[in-house]
Ligand code: ADP
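Residue numbers (the numbering used here): 1 to 175.
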């Protein structure tokens with residue numbers, strides 16, 4: 001039985017992530033999506049919402065589970081009994097970072113193997129950052145993320161817009 005971990009911040013999950021998860025789920029017996037529970041200041045959406053959106057987006061994949069984690073990713077991989085770590089690779093720009101992370105993690109955990117899956121061409125440009133920027137500027141994000149993610153982003157930016165129009169400081173728990 002091979003259990004793999006696909007870790008990331010998923011802030012929020014988008015169709016590029018879903019594609020990597022769906023393909024990884026066919027390669028391993030079980031796939032755990034690890035959602036990094038980092039200080040909320042760095043991220044747009046809190047951990048509970050990022051987990052809920054990922055669960056919804058991946059509910060159709062029977063051998064996929066979504067769990068939040070803190071601390072070292074390799075420590076979490078060991079805790080859940082994952083022997084493989086999966087990452088997605090978009091362009092050359094991703095390579096250097098992913099290469100460095102993979103080698104560092106290999107040094108920390110020689111028993112864990114690292115597998116990178118190439119992005120599908122249709123998602124090669126897509127990142128959570130791009131998705132959030134388009135949503136913030138009221139662009140069309142259909143086709144880029146699952147419906148629940150589109151709705152959550154629209155609600156988030158509606159709330160910020162409402163706060164700005166009514167003179168309420170645009171400070172949330174994430175600022
Ligand atoms: P990070 O872990 O750096 O916070 P993310 O949570 O956004 O990054 O993404 C998790 C993983 O999914 C990373 O390996 C990232 O390269 C990969 N990924 C993100 N977007 C895409 C995409 N469009 N196609 C393929 N892989 C992707």
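Backbone N, C-alpha and C define an ideal beta-carbon position, used for all residues, glycine too. Every value quoted in this text rests on a predicted model; they were computed, and no experiment measured them.
Asked                                                                                                       : Found
Inter-residue spacing [alpha-carbon to alpha-carbon] between residue 129 and residue 110                    : 32 Å
Same chain, Cβ closer than 8 Å to residue 1, five either side skipped, listed in chain order                : 29, 30
C-beta atoms of residue 85 and residue 105 nearer than 9 Å                                                  : yes
Burial state of residue 132, where buried means 16 or more other Cβ atoms lie within 10 Å                   : buried
Cβ neighbours of residue 114 in the same chain (closer than 6 Å, five flanking residues each side left out) : 85, 102
Pick from 13, 107, 19 that is closest to residue 122, judged by C-alpha positions                           : 19
Straight-line Cα distance separating residue 153 from residue 75                                            : 31 Å
CA nearest to the CA of residue 59, picked from 143, 140, 13                                                : 13
Same chain, Cβ closer than 6 Å to residue 118, five either side skipped, listed in chain order              : 89
CA-to-CA distance, residue 9 to residue 42, given in whole angstroms                                        : 10 Å
Reduced DSSP category for residue 2 - H, G, I as helix; E, B as strand; rest coil                           : coil
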